[in-house]
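Trainee: One structure is given below, represented as structure tokens, and several questions about it will come after.
Residue numbers (our numbering): 84 to 185.
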């Protein structure tokens with residue numbers, strides 16, 4: 084299985100672990116850092132105050148940073164249950180812009 088398919092399968096798996104009692108919107112994300120074979124998987128974790136929630140994309144990027152130090156993402160796989168996909172929120176877009184190549 085190539086790395087992208089492995090990341091996709093892992094994102095689907097971790098999505099089911101999301102803590103989303105308010106929105107019921109389960110999201111899984113996997114990021115691969117440049118120069119590393121490691122995959123960092125995460126799900127969204129909601130809080131009653133939506134500002135306290137952390138999206139899957141940011142959780143995955145934060146895992147990459149916590150494990151490798153500041154690094155550039157090679158790719159990110161995002162899995163939701165919507166038929167056409169979903170765009171990252173503004174907070175995630177900002178984090179992605181700082182850790183992903185243009």
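Glycine included, every Cβ here is placed at the ideal spot set by N, Cα and C.
State the CB to CB distance for the pair residue 143 and residue 125, rounded to an integer number of angstroms; the pair is presumed to be in contact (CB under 8 Å).
Mentor: Residue 143 sits at position 60 when you count from the first residue of the chain shown. Residue 125 sits at position 42 when you count from the first residue of the chain shown. Confirmed, Cβ separation roughly 4 Å.
Trainee: Consult DSSP for residue 138 and reduce its assignment to one of helix, strand or coil.
Mentor: Within the chain shown, numbered from 1, the residue matching residue 138 stands at position 55. DSSP places residue 138 in coil when its eight states are reduced to three.
Trainee: Spatial neighbours of residue 187 within its chain, please: CB distance less than 7 Å, with the 5 preceding and 5 following residues excluded, ordered by chain position.
Mentor: This structure cannot settle anything about residue 187, because the visible part of the chain is limited to 84 through 185.
Trainee: Taking the runs of the beta strand (DSSP E) that are 3 residues or longer, which of them lie wholly in the segment 118 to 179?
Mentor: Runs found: 122 to 126 and 156 to 162.
Trainee: What are the residues that DSSP puts in a beta bridge with residue 115?
Mentor: Counting from 1 along the chain shown, the entry for residue 115 is found at position 32. Answer by DSSP bridge pairing, in chain order: 122 and 158.
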